[in-house]
Amino acid sequence: MATARGLGCLLTLGRWRRGLGVAPQSRAFVAVVPGVSQVDNKSDFLKKRCHRRHPGILQLSCVRLPQALADAAQLLLLESSMPITEKQVQALTSYLWSRHLPVEPEELQRRAVYLEKKYLENADSSKMEEKLHEAVLRALRKTTYHWQELSYNEGLSLLYMAARLDGGFAAVSRAFHEIQARLPEFQPKTLMDFGSGTGSVTWAAHSTWGQSLREYMCVDSSAAMLELAEKLLKGGSESGVPSVPGVFFRQFLPVSPKVQFDVVVSAFSLSELPSKADRADVVQTLWRKTGHFLILVENGTKAGHSLLMDARDLVLNGKEKSPLDPRPGFVFAPCPHELPCPQMTASKPLACSFSQAYHPIPFSWNKKPKEEKFSMVILARGSPEEATRWPRITQPVLKRPRHVHCHLCCPDGQRQHAVITARRHGRDLYRCARVSSWGDLLPVITPSEPPPSPAQDPPES
């Protein structure tokens, strides 16, 4: 039998941490078992911590808006000359969630050619041919999603704040928590938020790294949104003292290629762009301005996930190298690999999404905790070998008597349905799996050895 040393050890942020002046984590050896790998009970893997706090735990408790932000939002809605109703909030929330990406011109042309051929095949008179153009246009109108750009004036900005301020804050807080939990020594000084909207990213970043952040650059094309975000910072007025210092507002991205930020964020903004080409241009620009992390967040739908995977591949496969920062990129989260997403290549594609509980703005109809379902991708500058490559739990963990079902996205780019028991996989791994949740990392690694025989494989999902 191969020794534990020969099988390999858990990957850490080794080289990256050394670059930051931090010693790498102690290595934990693993032993092969059918289907998954088992933490060696003799290693110092848990470092005398309880299983409930194992290194893969990334859970974030129910998020609550900062009190100053919640108070300012309520004040602005009370003073508004345009009353915001529960029905309006629910309608906008549903619309934003169900929104599709705009149809690309190439796809529209393909559909038009197909319909033209179909009508010509069924044409039985010259009169039909004369009206062919009108018939094709009429069919396209009925079958094509009519995407429209939202123009955020004062009224729609207030409505968006009532509908999305709290949920957006929760999703971005979870993304920031991923970095903070895995790299507690990372202390960013500058942040840029593209499509800043109501400024929820600024508040979430301040709650996470308020001691180190010195500059927040909020970029949004809507002047009304920027004005609303500034009022929220000043307690709901135009003359108050900002709750978060060092915040600047702009309607356009900084032009100079020399300007970089430690953290760059785009939350629910790429889906507002009218075409794939526009999204590609923005993603490339944001990546050039990224010093350490680029965080992209969208709705936890197939459309949102697909959009993020396009952005991820664009950065990873990009041949354009900035002379000011030639460092390549790798996926920090949620993928433990740079391979094609197994959720999208499956026979039944699924969105890779996560859920974060939060306390909503306390309106009369809005008092119970809610769940924000979102997709995210965090890209970092460096090399993939510098990242922790532990399997990501991609669905809710099913806990059953004496066994646990975990659906994993593994470092080899494959999905795995692991049924973990204490008898087969060891007490440590079983207890770690039992206390883990959707979105956590399971701290094991599959060694680079031939897979077990089909007869020994665990049941597949």
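Numbering (the numbering used here), first residue to last: 9 to 469. Even glycine gets a Cβ: it sits at the ideal position worked out from N, Cα and C.
Check this for me: beta carbons of residue i and residue j, under 8 Å apart or not?
i	j	result
L77	W211	yes
A232	E280	no
I92	L158	no
L278	L240	no
L66	G390	no
T206	L173	yes
Which residue's Cα is closest to the Cα of residue i: the options?
i	options	result
G337	M169, V227, T298 and T429	T298
K257	K266, S279 and L234	Note that residue 257 is Phe in the sequence shown, not Lys. When only C-alpha atoms are compared, the closest one is L234.
R400	D321, P253 and S361	S361
L354	V209, K266, Q424 and K239	First, the residue type needs correcting, since residue 354 is Ala and not Leu in the sequence shown. Looking at the Cα atoms, Q424 is the closest of the given residues.
V323	T309, G312, F301 and A311	F301
L73	P113, S264 and A170	A170
R410	I187, R439 and F194	R439
Q156	P192, L109 and V290	L109
M384	D174, E186 and L86	E186
L387	E94, G326 and M352	G326
D289	D318, F269 and K266	D318
P282	L294, K310 and L315	L315
Q268	R287, W295 and A285	W295
T293	K284, H313, G308 and P262	P262
M225	E306, G254 and P368	G254
C343	R335, P334, A359 and D333	A359
A311	P357, A285 and A341	P357
What did DSSP end up calling residue i once you bin it into helix, strand or coil?
i	result
T198	strand
G434	coil
E142	helix
E393	helix
I401	strand
L416	strand
L304	strand
M225	strand
A339	According to the sequence provided, residue 339 is Val. The question's Ala does not apply to it. Of the three classes helix, strand and coil, the one that applies to V339 here is strand, per DSSP.
On the DSSP bridge assignment, give the partners of residue i in chain order.
i	result
T491	Because the chain here runs from 9 to 469, residue 491 falls outside it and cannot be looked at.
S383	E306
L449	R400
V97	Note: V97 sits in no beta bridge, so no partner.
R423	C417
K378	Y366
R408	H411
M274	According to the sequence as given, residue 274 is Ser; it is not Met. The partner list for S274 (beta bridge, DSSP) reads F202 and L304.
Since I believe residue j is in contact with residue i (beta carbons under 8 Å), could you give me their beta-carbon distance rounded to a whole number of angstroms?
i	j	result
V209	V180	5 Å
R146	Q364	R146 to Q364, Cβ: 44 Å. No contact.
A237	S274	Not confirmed; about 16 Å, so no contact.
V271	P196	5 Å
L148	A120	6 Å
A178	V71	4 Å
Less than 8 Å between CB atoms is the rule here; does residue i satisfy it with respect to chain C?
i	result
R423	No chain C appears in this structure, which consists of one protein chain only.
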